[in-house]
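K.L.:
Got a structure for you, questions after.
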Amino acid sequence: MAAPIKISHIVLQTNNPKPLQEWYCAVLDGEMVHDAGFISFMSYDDEHHRVAFITPGALEVRRPGDGPADLRAGNETGLHHIAFALAGLGDLLETYARLRDQGIRPFWCINHGVTTSMYFRDPDNNQVELLIDNFASAREGLAFMKSDAFAKNPIGVEYDPDDLLARHRAGASAKELLGVG
């Protein structure tokens with residue numbers, strides 16, 4: 714059997730497709746490529762679609778997101794989160810600024826060591842991670858994950874995205890800002 718070459722797309726079932734379409738287009742800087750009402754498709758690159766939305770009829774709302782305890786996934790079965798990688802720290806921070814200015818804010822910002830990540834909730838309360846790899850190569854990232862340093866703290870260190878953005882815009886290097894790679 715051959716291994717997959719990439720993740721092609723994700724499909725979300727929803728009772729409210731329009732808010733999800735708008736949110737994913739904003740967060741991923743994408744565009745809707747087709748909307749048939751009960752199913753719609755968006756893309757953010759040269760792939761025909763990366764995210765699809767299905768509205769099969771009334772769905773039970775599994776994760777209401779009513780309070781602080783609901784901010785992080787983990788209290789329910791199913792997909793924990795979806796992660797999208799950006800090219801570099803500047804892209805991550807400028808995406809953060811663009812989304813912040815649209816009222817879309819991450820609920821958790823953390824440097825995992827191997828990646829620097831921002832976690833968001835979409836309008837249906839699905840957890841979405843935007844990240845960058847902190848190492849120049851996958852081999853270096855894998856070596857870090859196998860290291861004692863990662864074993865001591867496999868979650869990482871939280872950071873303030875506004876502080877990181879200001880320091881980035883002031884000219885600090887990615888190595889200074891992230892302390893790795």
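According to the working numbering, the sequence shown holds residues 714 to 894 in order.
Cβ coordinates follow ideal geometry from the N, Cα and C atoms, glycine included.
#1: Between Ala856 and Asn847, what straight-line distance do the alpha-carbon atoms span, to the nearest angstrom?
#2: Leaving out the 5 sequence neighbours to the left and right, which residues in its chain are closer than 7 Å to Cys738 when beta-carbon positions are compared?
#3: Grab the span of the beta strand (DSSP E) containing Met858 for me, first residue to last.
#4: Residues in its own chain within less than 6 Å of Pro874 by CB, not counting five upstream and five downstream?
#5: I'd like to check one pair, Ile845 with Leu799: are the Cβ atoms closer than 8 Å?
#6: Taking Asp748 as part of the beta strand (DSSP E), name the residues at either end of that continuous run.
#7: Could you tell me the alpha carbon to alpha carbon distance between Ala849 and Gly801, rounded to whole angstroms?
#8: If distances are taken between C-alpha atoms only, which option among Val740, Met714, Leu733 comes closest to Asp804?
#9: For the segment 861–869 against the segment 818–832, are there 3 or more C-beta pairs whose distance is under 8 Å?
P.N.:
With the structure as the only source:
#1: 12 Å
#2: In its chain, beyond the 5 residues on either side, Glu744, Met745, Met755 have a beta carbon closer than 7 Å to the beta carbon of Cys738.
#3: Here Met858 belongs to no beta strand (DSSP E); instead the alpha helix (DSSP H) covers 851–858.
#4: Tyr809, Cys822
#5: yes
#6: 744–748
#7: 10 Å
#8: Val740
#9: yes
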